[in-house]
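Undergrad: Have a look at this one before I ask anything.
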Amino acid sequence: MNNPLTPAGTPPLQNCEPIESKLRKQIQGCWRELLKECKEKDVDKQGSVTAAEFLALVEKFKLDINKEESQQLIVKYDLKGNGKFAYCDFIQSCVLLLKAKETSLMRRMRIQNADKMKEAGAETPSFYSALLRIQPKIVHCWRPMRRTFKTYDENGTGLLSVTDFRKVLRQYSINLSEEEFFHVLEYYDKTLSSKISYNDFLRAFLQ
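Take the sequence shown: its letter number 19 is residue 19 in the UniProt record's numbering, and every next letter is one higher.
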């Protein structure tokens, strides 16, 4: 069992923000297909593909980046230092607007909670898969959904109780499994206050 993300082997952080924001618009239209292709190649469900496989997909999906930019992305997303490209983290960073800082925090949390979550082997926490799965629906209905959140939030605090938050999700047919909901809570309620900031939640889905 190789230890995910050994601190000693962490590569220098690449600033790929300009490349990623350029890709963001292109990937909007094809990320589901891209994710599907990556998953087919990722037989061991490690959340990563080889650098060559990633480059082939860049060609196939006609992503507008040059060799040098592809190389920078490959270095940035070789999270385990094993020459593999962590496609889940890449897609999530292009599709979901979660700040890079939070992502690394998430990664630390994930390592600390690995025993508790029993998914240390998987590169993608169900949190990201859950968000990616419900993303199309939320993009479609976030305005009325936000209004409904506000109706429940009578004191205008920007926060909802877990029960109300879940009620609103159900109202809009956003169905999360218990495990997925647990991951969403763990992410958005870091202080365990049993309150969720619905604006933070919606912000992750909106470009």
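Quick reminder that beta carbons are idealized off the backbone N, C-alpha and C, glycines included.
Predicted, not measured: the structure shown is a model, and the values here were computed from it.
Strictly by DSSP, which residues pair up with Ile74?
TA: Answer is none; Ile74 lacks a bridge partner.
Undergrad: Quick test of the definition: if touching needs 3 or more C-beta pairs under 8 Å, does the stretch 24-31 touch the stretch 43-57?
TA: no
Undergrad: Do you know offhand how far Glu154's Cα is from Leu160's?
TA: Distance between the alpha carbons of Glu154 and Leu160 is about 9 Å.
Undergrad: Just reading off the alpha helix (DSSP H) that Ser21 is part of, what are its end residues?
TA: 17-28
Undergrad: Count the other CB atoms, across all protein chains shown, that sit within 10 Å of the CB of Ser21; report buried if there are 16 or more and exposed otherwise.
TA: exposed
Undergrad: Does Val43 come out as helix, strand or coil in the three-state DSSP assignment?
TA: coil
Undergrad: For Ile65, list the residues DSSP reports as bridge partners.
TA: Answer is none; Ile65 lacks a bridge partner.
Undergrad: To the nearest angstrom, report how far apart Asp78 and Thr151 are at their CA atoms.
TA: Taking C-alpha positions only, Asp78 is separated from Thr151 by approximately 44 Å.
Undergrad: Given that a residue counts as buried once 16 or more other Cβ atoms are within 10 Å of its Cβ, and exposed if not, what is Val95?
TA: buried
Undergrad: If you measure between the beta carbons of Phe127 and Tyr198, is that distance less than 9 Å?
TA: The Cβ atoms of Phe127 and Tyr198 lie no closer than 9 Å to each other.
Undergrad: DSSP puts Val168 in a beta bridge; with which residues?
TA: Secondary-structure assignment with DSSP links Val168 through no beta bridge to anything.
Undergrad: In terms of DSSP beta bridges, what is Phe85 paired with?
TA: Val49
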